[in-house]
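For the sequence shown, our numbering puts the final residue at 277, and the numbers step up evenly by one.
Yeah, the Cβ is synthetic: ideal placement off N, Cα and C, and Gly gets one too.
Encoded as structure tokens, the structure appears first; notes follow it.
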Amino acid sequence: MPPNAGKQTESVNNAIFAEPTSWPYRPIWIQKNEAASLYSNLICPGYGSGSLPIGEPFHFESDLFVGIALIRMRGFRTDDDEHYFRGRQRRSTTIIQGRFKEAFRADEVLTGKEFSRPFQSRIPRWIINAALLLIRRLSPGVQIDLDSDRPSMFSILAGTAEVIRADEAGTEPDITGKSVLEHCEIEGKNLTSVERKKLLCDPGAAANYVFDTESVYTFDFYQHIFDPLSYTIDTGIKKVDLISSLDNQAVQACAKTKDGRYLWSFDFWHEKCIEKS
1 MPPNAGKQTE
11 SVNNAIFAEP
21 TSWPYRPIWI
31 QKNEAASLYS
41 NLICPGYGSG
51 SLPIGEPFHF
61 ESDLFVGIAL
71 IRMRGFRTDD
81 DEHYFRGRQR
91 RSTTIIQGRF
101 KEAFRADEVL
111 TGKEFSRPFQ
121 SRIPRWIINA
131 ALLLIRRLSP
141 GVQIDLDSDR
151 PSMFSILAGT
161 AEVIRADEAG
171 TEPDITGKSV
181 LEHCEIEGKN
191 LTSVERKKLL
201 CDPGAAANYV
211 FDTESVYTFD
221 FYQHIFDPLS
231 YTIDTGIKKV
241 DLISSLDNQA
251 VQACAKTKDG
261 RYLWSFDFWH
271 EKCIEKS
């Protein structure tokens with residue numbers, strides 16, 4: 001689906017949107033992150049800075065990575081997505097498949113979220129601490145800074161993605177299927193997802209392994225905590241509204257290097273971010 005042309009609103013946090021009534025996936029608008037576009041030449045051919053599709057693969061390229069992405073969210077009633085989410089707790093998934101343009105040690109490539117200004121949190125601290133405990137259990141080694149002027153949360157990608165596989169070009173899996181299976185061989189052993197995450201969440205261990213430029217890598221970042229359609233997170237104690245807590249800032253699907261260069265970054269906006277800006 002091409003980006004939706006329509007009447008433009010005022011910019012919000014340096015992002016430009018069509019009027020929400022014309023959003024093709026209302027109440028969600030996904031677009032490439034403008035910082036990644038500026039500093040790492042991230043492009044999405046055919047979409048420009050417009051709305052990226054949900055439930056359909058799209059191509060992207062940056063200075064460091066070239067490939068395709070598939071973003072699925074529970075609640076968009078397509079046949080493929082209904083089949084994908086049936087019997088699962090997952091709220092969304094972002095699947096990335098492609099090649100690195102430079103070789104990187106595994107500890108040099110991070111995934112997470114970043115924000116350009118402080119949070120305006122009205123969430124009790126004990127709830128925040130419970131959420132952080134859950135996040136750290138799911139992603140050991142995560143570095144979390146929620147109290148600075150530019151909050152962020154990043155962890156080693158190789159120790160965080162739910163599924164990783166490396167294939168010879170032409171043998172990579174179809175990312176539109178029901179599942180992408182782990183295929184991560186280290187020192188002659190095919191590791192399970194749990195084994196790989198336990199090993200590579202540690203920076204010292206991850207520094208011993210390299211993402212090469214020949215293999216086609218597939219990363220699956222499915223998750224069950226963040227619900228994009230309601231823009232809430234489930235802390236296990238209560239659901240927390242992120243729109244006011246994040247001060248109308250977008251959540252991202254993002255990967256970058258330790259030195260600040262982006263492989264990819266896509267912003268997930270909710271129409272309420274626009275209404276409250």
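The three-state reading of DSSP puts V180 in coil, since its state is none of H, G, I, E or B. With respect to the 7 Å criterion, I225 and I237 are not classified as neighbours on the basis of their beta carbons. For the pair T111 and Y222, the CB atoms are not nearer than the 7 Å cut-off. Apart from the 5 residues on each side of it in sequence, R117 sits with its Cβ closer than 8 Å to the Cβ of D149, R150, D247 and Q249 in its chain, given in chain order.
Secondary structure remark: continuous alpha helix (DSSP H) runs of at least 4 residues inside the segment 5 to 66, in chain order: 34 to 40. In this structure, V180 sits near T218, with a CB-CB distance shorter than 7 Å. In this structure E182 is buried. Its beta-carbon is surrounded by 16 or more other beta-carbon atoms within 10 angstroms. Ranked by Cα distance from N33, the options Q252, T160 and D107 are led by Q252.
Annotation for H59: P45 and I68 place their beta carbon closer than 6 Å to its own, counting only its chain and skipping 5 residues before and after.
R74 has its alpha-carbon roughly 12 Å from the corresponding atom of G87. With at least 16 other beta carbons inside 10 angstroms of its own, G50 counts as buried. By the CB criterion at 7 Å, P20 and E187 fall outside the cutoff.
Sequence-distant partners of S40 (beyond 5 residues in either direction) whose C-beta falls short of 6 Å from its own C-beta, in its chain, are S62, D63, R261 and Y262.
In its chain, beyond the 5 residues on either side, C184 have a beta carbon closer than 6 Å to the beta carbon of R196. In this model, S215 and P24 are separated by some 34 Å (Cα to Cα). In the displayed model, I237 falls within coil according to three-state DSSP, outside both helix and strand. Shown here, V194 sits in a helix according to DSSP, grouped into three states. When I175, G170 and L42 are compared, the shortest CA-CA separation from I164 is found for I175.
Counting along the chain, I95 sits inside the beta strand (DSSP E) bounded by residues S92 to F100. Residue range V109 to E114 is occupied by the beta strand (DSSP E) that includes G112. Looking at the DSSP output, R105 sits in a beta bridge with V210. If you compare the alpha carbons of Q97, P173 and F154 with that of L70, the shortest gap goes to Q97. In the three-state DSSP reduction, H270 falls in the strand class (E or B). Under a 10 Å Cβ-count criterion, G159 is classified as buried, with 16 or more other Cβ atoms of the shown protein chains found around its own Cβ. Exclusion of the five residues before and after D267 leaves Q31, N33, A250 and Q252 as the residues of its chain whose Cβ lies within less than 6 Å of its Cβ. Counting the other Cβ atoms within 10 Å of the Cβ of S22 gives fewer than 16, which makes it exposed.
Of W269, C254, D259 and C273, the smallest CA-CA separation from K113 is found for C254. Here K256 is buried, its C-beta having at least 16 other C-beta atoms within 10 Å.
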